[in-house]
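Peer 1:
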Amino acid sequence: MPRLIDSHTHHYLASHLGELSWMTASSPLNGQFSPAELSAASAASPPDGYIFVETDRAYPSLQNLQYPLNEISFALSLRRQPGLRLVGMVPFAPVPLGREEMEAWWAAAKALGAEGEVEEMVKGVRYLVQDKPAGTMAGMVEGVRWALERGLAFDLGVDFHRRGREQLVEAVAMLEKVFEGGEERGWVVLDHLGKPNLTSPAHWDGSFSTWSGALAEIAAFPRVAVKFSGVFSELDKEVDDVVERVFPWVKEVFGHFGAERVMWGSDWPVCEIGHGEMKGKERQQEAWAAWKEVSEKLLEKLVEEGVITEAQMADVWGEVAARVYGL
């Protein structure tokens with residue numbers, strides 16, 4: 001069996017809910033989602049390792065980051081527990097503030113653990129841009145470079161579905177400047193296929209071709225990888241056959257990036273929202289296993305059509321994430 005690394009999971013305890021910027025009393029995710037819950041959700045085919053991606057904790061300003069720093073401390077506490085298989089973390093970082101403030105943040109982060117502990121755990125950084133004003137990424141070039149020069153990844157979270165082509169075009173402009181030196185050691189990782197609009201079949205409107213064209217521009221940078229994840233969040237709840245609906249988009253992603261730059265992730269527990277809307281809230285907790293099964297069928301279909309090989313399919317499950325994140 002190929003190594004299975006879940007490249008995109010989120011974790012928090014019930015005691016952390018007040019620190020999450022997006023949490024509401026009515027949210028389906030108002031509860032505890034820790035490695036214990038992930039273990040239960042993935043019991044049928046448990047991953048060999050998982051990456052903890054930051055959960056968008058609140059902060060009053062980019063200079064006041066106590067809650068995001070608390071999250072690093074939480075991840076350290078998890079990593080110290082035997083048997084949890086946390087192989088890396090992608091914490092929040094104040095990327096728009098540039099090199100000097102990134103250095104200050106890094107010093108504060110390293111002080112949270114024993115010598116070398118944070119450096120060993122942190123495999124990348126993220127500053128979520130999907131909900132930020134237009135123009136935000138223009139000010140992130142030096143912060144992203146700071147990360148890549150240190151061999152860290154930068155997780156790029158954009159949202160074509162809700163923000164349109166313009167946000168992906170802005171990302172391309174940022175990447176052109178980030179990579180112009182050509183000396184970066186780290187990778188940029190595009191989260192969730194760039195969040196395409198999956199609410200209608202690919203042939204129904206121009207959304208598919210517009211997204212594909214923008215994605216091709218991002219894929220043109222050789223040190224950009226993409227996460228095969230986040231699909232349930234972009235579907236409409238009435239979809240009958242997820243595999244048939246999603247396959248054209250997935251095939252396009254593999255066509256642009258090549259299998260060697262595509263990694264699998266669950267986006268747990270966020271995947272539970274979309275799955276619950278499709279199948280009923282009582283089946284919400286089946287989301288991890290359901291996405292794993294859908295992913296298997298999608299990858300097998302890619303093999304059948306000659307888009308990827310069996311060996312490449314195996315690498316999507318874990319080896320690509322291991323290489324890109326330096327696990």
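1 is the number of the first residue of the sequence shown in UniProt numbering; add one for each residue after it. Built from N, CA and C at the ideal position, the CB exists for glycine as well. None of the values given here were measured: they were computed from a predicted structure.
Measure the alpha-carbon distance for A290 versus L4 and round it to whole angstroms.
Peer 2: Stepping through the sequence shown from its first residue, residue 290 is reached at position 290. Stepping through the sequence shown from its first residue, residue 4 is reached at position 4. For A290 and L4, the distance between alpha carbons rounds to 15 Å.
Peer 1: Quick one: measure Cβ to Cβ for Y325 and G157, integer angstroms, because I've assumed they're closer than 8 Å.
Peer 2: Within the sequence shown, residue 325 is the residue found at index 325, counting from 1. Within the sequence shown, residue 157 is the residue found at index 157, counting from 1. At roughly 16 Å, the Cβ-Cβ gap does not stay under 8 Å, so Y325 and G157 are not in contact.
Peer 1: Identify, in the order they occur along the chain, each residue of the same chain with its Cβ nearer than 6 Å to the Cβ of R261, setting aside the five sequence neighbours on each side.
Peer 2: Along the sequence shown, read from residue 1 onward, the residue named residue 261 stands at position 261. Around R261: A225.
Peer 1: Quick test of your reading: M174 and F228, contact by CB under 8 Å. State the CB separation rounded to the nearest angstrom.
Peer 2: Taking the sequence shown and counting its residues from 1, the one referred to as residue 174 is at position 174. Taking the sequence shown and counting its residues from 1, the one referred to as residue 228 is at position 228. Contact flag wrong, Cβ pair sits at about 23 Å.
Peer 1: Answer with buried or exposed for H203, where buried requires no fewer than 16 other C-beta atoms within 10 angstroms of its C-beta.
Peer 2: Looking up residue 203 in the sequence shown gives position 203. It is exposed - the Cβ of H203 has fewer than 16 other Cβ atoms within 10 Å.
Peer 1: Whole angstroms is fine: what's the gap from P91's alpha carbon to T199's?
Peer 2: Residue numbering aside, residue 91 sits at position 91 when the sequence shown is read from its first letter. Residue numbering aside, residue 199 sits at position 199 when the sequence shown is read from its first letter. Approximately 30 Å between the Cα atoms of the pair.
Peer 1: Short of 6 Å in beta carbon distance, which residues of its chain neighbour D191, apart from the five on each side in sequence? Order them along the chain.
Peer 2: Residue 191 sits at position 191 when you count from the first residue of the sequence shown. Around D191: D155, G157 and K227.
Peer 1: Would G186 pass as a contact of G151 if the rule is Cβ separation under 9 Å?
Peer 2: As a first step, residue 186 must be located in the sequence shown, where it is residue number 186. As a first step, residue 151 must be located in the sequence shown, where it is residue number 151. In contact: G186 and G151 (Cβ atoms closer than 9 Å).
Peer 1: Between the alpha carbons of G164 and P82, how many angstroms are there, rounded?
Peer 2: Taking the sequence shown and counting its residues from 1, one reaches residue 164 at position 164. Taking the sequence shown and counting its residues from 1, one reaches residue 82 at position 82. Distance between the alpha carbons of G164 and P82: 43 Å.
Peer 1: Can you tell me where the alpha helix (DSSP H) with F208 in it begins and where it stops?
Peer 2: Locating residue 208 in the sequence shown gives position 208, where the first residue counts as 1. Note, F208: alpha helix (DSSP H), S207 to A219.
Peer 1: Along the chain, where does the alpha helix (DSSP H) containing S77 start, and where does it finish?
Peer 2: Here the question's residue 77 lines up with position 77 in the sequence shown. Q66 to R79 is the span of the alpha helix (DSSP H), which, as asked, contains S77.
Peer 1: Along the chain, where does the beta strand (DSSP E) containing R126 start, and where does it finish?
Peer 2: The residue you call residue 126 lines up with position 126 of the sequence shown. Residues G124 to R126.
Peer 1: Can you check the segment 271 to 315 for any alpha helix (DSSP H) of at least 4 residues that lies completely inside it and give the ranges in chain order?
Peer 2: DSSP runs (the alpha helix (DSSP H)) wholly in the segment 271 to 315: 271 to 279 and 287 to 304.
Peer 1: Using a 10 Å radius around the Cβ and a threshold of 16 neighbouring Cβ atoms, would you call D315 buried or exposed?
Peer 2: For the purposes of this step, residue 315 is taken as residue 315 along the sequence shown, with counting starting at 1. Label assigned to D315: buried.
Peer 1: Straight-line CA distance for P196 to H161?
Peer 2: Residue 196 sits at position 196 when you count from the first residue of the sequence shown. Residue 161 sits at position 161 when you count from the first residue of the sequence shown. Each residue's alpha carbon lies about 5 Å from the other.
Peer 1: On the DSSP bridge assignment, give the partners of residue 331 in chain order.
Peer 2: Absent from the structure is residue 331, since the part of the chain shown begins at 1 and ends at 327.
Peer 1: Is A216 near E170, with beta carbons less than 9 Å apart?
Peer 2: As a first step, residue 216 is located in the sequence shown; it is residue number 216 there, counting from the start. As a first step, residue 170 is located in the sequence shown; it is residue number 170 there, counting from the start. No. Outside cutoff.
Peer 1: CB-CB under 7 Å to L298, same chain, minus the five flanking residues each way: which ones, in chain order?
Peer 2: Counting from one through the sequence shown, the residue named residue 298 turns up at place 298. Correct list, in chain order: V243, V246, F247 and V250.
Peer 1: In three-state DSSP terms, what is M174?
Peer 2: Mapped onto the sequence shown, residue 174 falls at position 174. Correct three-state label for M174: helix.
Peer 1: So who's on the other strand from V231, going by DSSP bridges?
Peer 2: Locating residue 231 in the sequence shown gives position 231, counting from the first residue. Per DSSP, none; premise fails for V231.
Peer 1: Going by Cα to Cα distance, which pick from W146, G206 and Q130 is closest to G98?
Peer 2: The sequence position of residue 98 within the sequence shown is 98, counting from 1. Here the closest residue by C-alpha is W146.
Peer 1: By the 10 Å Cβ neighbour count, where 16 or more other Cβ atoms means buried, how is M1 classified, buried or exposed?
Peer 2: In the sequence shown, the residue the question calls residue 1 occupies position 1. M1 is exposed by the Cβ-count criterion.
Peer 1: Relative to the C-alpha of A25, which residue among A214, P35 and A14 is closest?
Peer 2: Within the sequence shown, residue 25 is the residue found at index 25, counting from 1. Nearest of A214, P35 and A14 to A25, Cα basis: A14.
Peer 1: Between A43 and E37, what straight-line distance do the alpha-carbon atoms span, to the nearest angstrom?
Peer 2: In the sequence shown, residue 43 corresponds to position 43, counting from 1. In the sequence shown, residue 37 corresponds to position 37, counting from 1. Distance between the alpha carbons of A43 and E37 is about 10 Å.
Peer 1: For T55, does the count of other Cβ atoms within 10 angstroms reach 16, so buried, or fall short, so exposed?
Peer 2: Along the sequence shown, one-based indexing puts residue 55 at 55. When all chains shown are included, T55 counts as buried.
Peer 1: Looking at the unbroken beta strand (DSSP E) that takes in V189, where does it start and where does it end?
Peer 2: Working through the sequence shown from its first residue, we reach residue 189 at position 189. Its beta strand (DSSP E) spans residues V188 to L190.
Peer 1: Taking 9 Å as the cut-off, decide whether the C-beta atoms of D6 and W211 are in contact.
Peer 2: Here residue 6 is taken as the residue at index 6 of the sequence shown, counted from 1. Here residue 211 is taken as the residue at index 211 of the sequence shown, counted from 1. Their beta carbons are not under 9 Å apart, which means D6 does not touch W211 by this criterion.
Peer 1: For V303, which residues from the same chain have a beta carbon less than 8 Å from its beta carbon, with the 5 sequence-adjacent residues on both sides left out?
Peer 2: One-based indexing of the sequence shown puts residue 303 at position 303. T309, E310 and M313.
Peer 1: Rounded to the nearest angstrom, how far is the Cβ of I51 from that of A287, given a contact under 8 Å?
Peer 2: Against the sequence shown, residue 51 aligns to sequence position 51. Against the sequence shown, residue 287 aligns to sequence position 287. The Cβ separation is near 18 Å, so there is no contact.
Peer 1: Among all the DSSP beta bridges, which residues are the ones paired with D131?
Peer 2: The residue you call residue 131 lines up with position 131 of the sequence shown. Paired residue(s): none; D131 is not in a bridge.
Peer 1: Is L65 near W105, with beta carbons less than 9 Å apart?
Peer 2: Taking the first residue of the sequence shown as 1, we reach residue 65 at position 65. Taking the first residue of the sequence shown as 1, we reach residue 105 at position 105. In this structure, W105 lies closer than 9 Å to L65 by Cβ.
Peer 1: Look at the alpha carbon of R80 and the alpha carbon of G213, and state the distance between them as a whole number of angstroms.
Peer 2: Your numbering for residue 80 matches position 80 in the sequence shown. Your numbering for residue 213 matches position 213 in the sequence shown. Their backbone Cα atoms lie some 44 Å apart in a straight line.
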